[in-house]
Amino acid sequence: MLDKLEAIYNRYLDIEQQMNQPDVMADMKRFVKISKDYKDLQPVVKAYHDYKNLVSNIDNAKNVIATEKDEEFRELAKEELASFLEQRDTMEEDIRLMLIPTDPQDSKNAVIEIRAGTGGDEASIFAGDLFRMYQKYCDSKGWRMELASCTEGTVGGYKEIILNVSGDSVYGLLKYESGVHRVQRVPETETMGRVHTSAASVVVLPEADEFDVDLKQSDIRKDTYCSSGPGGQSVNTTYSAIRLTHVPTGIVVAIQDEKSQIKNLEKAMTILRTRLYEREYQKYLDDISKKRKTMVSTGDRSAKVRTYNFPQSRITDHRINCTVYSLQTFMDGDIQDMIDALQLAENAEKLKEAVGY
Numbered sequence: 035m036l037d038k039l040e041a042i043y044n045r046y047l048d049i050e051q052q053m054n055q056p057d058v059m060a061d062m063k064r065f066v067k068i069s070k071d072y073k074d075l076q077p078v079v080k081a082y083h084d085y086k087n088l089v090s091n092i093d094n095a096k097n098v099i100a101t102e103k104d105e106e107f108r109e110l111a112k113e114e115l116a117s118f119l120e121q122r123d124t125m126e127e128d129i130r131l132m133l134i135p136t137d138p139q140d141s142k143n144a145v146i147e148i149r150a151g152t153g154g155d156e157a158s159i160f161a162g163d164l165f166r167m168y169q170k171y172c173d174s175k176g177w178r179m180e181l182a183s184c185t186e187g188t189v190g191g192y193k194e195i196i197l198n199v200s201g202d203s204v205y206g207l208l209k210y211e212s213g214v215h216r217v218q219r220v221p222e223t224e225t226m227g228r229v230h231t232s233a234a235s236v237v238v239l240p241e242a243d244e245f246d247v248d249l250k251q252s253d254i255r256k257d258t259y260c261s262s263g264p265g266g267q268s269v270n271t272t273y274s275a276i277r278l279t280h281v282p283t284g285i286v287v288a289i290q291d292e293k294s295q296i297k298n299l300e301k302a303m304t305i306l307r308t309r310l311y312e313r314e315y316q317k318y319l320d321d322i323s324k325k326r327k328t329m330v331s332t333g334d335r336s337a338k339v340r341t342y343n344f345p346q347s348r349i350t351d352h353r354i355n356c357t358v359y360s361l362q363t364f365m366d367g368d369i370q371d372m373i374d375a376l377q378l379a380e381n382a383e384k385l386k387e388a389v390g391y
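According to my numbering, the sequence shown is numbered sequentially starting from 35.
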């Protein structure tokens with residue numbers, strides 16, 4: 035924690051020097067940006083000084099306990115140490131909250147796309163497991179999850195499932211889930227008890243609204259057709275399914291989940307806007323990936339981000355080398371601690387970047 039805060043403080047001092055340079059003061063746009071960065075860092079710098087002072091007090095108390103012969107002084111130091119350690123835990127939690135990234139996209143809703151990868155039927159089953167994990171996590175956050183489209187696996191799970199998630203700062207938390215998720219376990223179809231490795235890919239996108247994308251109706255070709263799948267009153271009887279084709283880019287979105295053509299059209303338009311917005315947003319993610327050493331919140335969706343090892347009840351996030359041994363609770367949606375760790379790692383690295391103004 036102290037190393038991370040030290041990096042922020044050095045950045046703060048660097049900005050302070052830049053603000054006094056004549057060429058910066060003469061460029062109003064540049065000066066305003068630096069001033070905003072300087073102001074945003076002030077609460078963290080104050081926390082750094084307070085935390086550094088607290089760490090010093092803890093070290094002093096430990097030194098007294100180790101070297102002082104007077105028992106009364108030692109008991110007093112023990113009481114102070116207990117108080118300091120409690121303060122440290124509270125302060126570290128407050129600092130972690132300060133270090134949460136403030137990307138403008140973070141406040142948006144999200145579109146989650148989960149697709150089965152290598153591993154055949156087992157990969158589809160795992161994609162279903164990931165869907166249920168995110169569903170339980172979203173429920174715990176009080177978010178609304180809505181199914182946009184899905185293709186079921188032959189023996190369970192999903193070959194592909196697309197979800198719309200709405201709530202408070204949804205994308206800011208779920209964006210860390212993008213990438214390839216690998217599972218190691220004995221499939222139900224395995225008769226020899228051998229551990230197999232399968233994978234599913236997760237893509238999380240910030241949901242685009244009408245103001246984010248200049249989408250012209252003249253560029254969209256709309257086709258309607260009968261929905262297909264297991265029984266139902268509207269299946270193969272009404273033209274409720276929608277297929278939208280964005281002619282300039284060739285992007286195609288097909289939705290048949292709802293019985294209402296109007297609702298399917300709304301869902302299809304949301305996903306189409308998000309896919310178009312993704313093309314521009316990807317440039318931003320690519321720029322981040324060039325500056326950062328880790329793959330936290332970058333656009334490299336082919337990267338293996340996490341392994342779920344069932345025999346060892348182990349989950350390992352490869353971006354931050356974080357391993358926990360509580361797989362069942364994790365699959366039940368208890369993923370917040372991992373997301374917090376990824377947030378902290380990303381923000382610490384972001385603050386160390388040597389960004390020129």
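Where a beta carbon is used, it is the ideal one built from N, C-alpha and C, also for glycine.
Q. Taking the DSSP output, what are the residues bridged to E147?
A. E147 is bridged to I196 and V237.
Q | Integer Cβ distance of R122 from L75, believed to fall under 8 Å | A | Between R122 and L75 a beta carbon distance of about 22 Å is seen, past the 8 Å cut, so the two are scored as non-contacting.
Q. Closest by CA to K209, which one among P221, S141, V281 and Q218?
A. When each option's Cα is compared against that of K209, the closest is S141.
(Q) Measuring only the C-alpha atoms, how far is D137 from A233? (A) The straight-line gap from Cα to Cα measures roughly 29 Å.
Q) Is the beta carbon of T188 sitting closer than 8 Å to the one on E194? A) For the pair T188 and E194, the CB atoms are not nearer than the 8 Å cut-off.
(Q) Measuring CB atoms only, is the stretch 94–111 touching the stretch 39–59, in the sense that at least three cross pairs come out at less than 8 Å? (A) In this structure the stretch 94–111 does not touch the stretch 39–59; the number of beta carbon pairs closer than 8 Å is below three.
Q.
Only counting the same chain, and skipping five residues up and downstream in sequence, which positions put a Cβ closer than 6 Å to that of V214?
A. Excluding sequence neighbours, V214 sits near A233, S235 and K338.
Q) Going by the CB atoms, is the gap between L207 and E312 shorter than 8 Å? A) No; because the gap between Cβ atoms is not below 8 Å, this pair is not in contact.
Q | Extent of the continuous beta strand (DSSP E) run through Q218 | A | Q218 -> beta strand (DSSP E) spans G213 to R219.
Q: Indicate whether the contact test is met: 3 or more Cβ pairs, each with one atom in the stretch 166–181 and one in the stretch 361–372, closer than 8 Å.
A: As far as the Cβ criterion goes, the stretch 166–181 touches the stretch 361–372, which means the pair count is three or higher.
Q: Please name the residue in E383, A161, A144 and Y315 whose C-alpha comes closest to that of S203.
A: Closest option to S203, Cα to Cα, is A144.
Q. Between the stretch 70–86 and the stretch 122–133, are three or more C-beta pairs nearer than 8 Å?
A. Verdict: yes, contact present.
Q | 8 Å Cβ cutoff met for G191 and F160 | A | Contact flag set, yes.
Q | M62 burial status per 10 Å Cβ neighbour count (16 or more: buried) | A | The residue is exposed, with fewer than 16 neighbouring Cβ atoms inside 10 Å.
**Q.** Buried or exposed by the 16-neighbour rule on C-beta atoms within 10 Å, applied to E109
**A.** Exposed.
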